[in-house]
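Student: Next up is a structure, given as structure tokens.
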Amino acid sequence: MTRNHSVGSKPMTSAGISSALGESAAATKDPRAFLTEAVRLLERERAHFNWVGIYLLEGDTLVLGPFVGKPTDHVRIPLGRGICGAAASAGKTVIVDDVNADPRYLACSLETRAEIVVPIIRDGKVLGEIDIDSDTPAAFTDDDRLLLEGVAEILAAKL
Ligand code: SME
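By my numbering, the letter at position 1 of the sequence shown is numbered 107, and the numbering carries on one by one without gaps.
As structure tokens, this is what we get:
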């Protein structure tokens, strides 16, 4: 796979990412293959997205689906635990600028400094979430939130 950020070419705009995913949603029959494509695209196009994964809600447990980055111990997270659990329970995006200062944080990698978790919601129901870790402190901006909330809507329609 091409890794644009590692060769210094210009990253896609948020609109470009959304439109690429919209097209791929229409063209890809298997929802899981589509989720895999989405995490790969996000990781490739944003240099500060160091770990990108999707958790799907099964009962009251978040179960790790496709991801890019180091393997994590947290493949099943109860709704009451972690930043992941907090975002899914509230049905709202959570941005943590300094994971080491947040008592909810479940550590995956020692390098991680910041995290964003964006719920995937359809008809008011949380289906899962996009979870992204960054090795850069306070890495996530309002632009990232807008991009990922848009991506979450595209994913929700496909799940
Ligand atoms: N940090 C998350 C756990 C998942 S890992 O980031 C992959 C949390 O606190 O819920």
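Using N, Cα and C, we set each Cβ at its ideal position, and we do this for glycine too. In this text, all values refer to a predicted model and were calculated from it rather than measured experimentally.
Quick check on the DSSP output: the beta strand (DSSP E) that includes residue 220 runs from which residue to which?
Tutor: 220 to 228
Student: Just verifying my parser: in three-state terms, what is the DSSP assignment at residue 150?
Tutor: Helix at residue 150.
Student: Do residue 171 and residue 160 have their C-beta atoms closer together than 9 Å?
Tutor: yes
Student: Determine the closest residue to residue 243 out of 115, 196, 203, 184, with distance taken between C-alpha atoms.
Tutor: 203
Student: Curious, which full-length alpha helix (DSSP H) runs of at least 4 residues does the stretch 171 to 218 contain?
Tutor: 188 to 196
Student: With 16 as the cutoff for other CB atoms within 10 Å, does residue 109 come out buried or exposed?
Tutor: No answer about residue 109 holds up, because its pLDDT of 48 lies below 50 and its placement is not dependable.
Student: Distance check for residue 218 and residue 188, CA to CA, integer angstroms please.
Tutor: 14 Å
Student: Between the stretch 179 to 196 and the stretch 209 to 224, are three or more C-beta pairs nearer than 8 Å?
Tutor: Yes: at least three Cβ pairs fall under 8 Å.
Student: Could you name the residues of the same chain whose beta carbon sits closer than 6 Å to that of residue 112, not counting the 5 residues immediately before and after it, in chain order?
Tutor: In this predicted model, residue 112 has a pLDDT of only 47, less than 50, meaning its place in the structure is not dependable; the value taken from the coordinates is given anyway. Hits under 6 Å: none found.
Student: Taking DSSP as the reference, what is the three-state secondary structure of residue 240?
Tutor: strand
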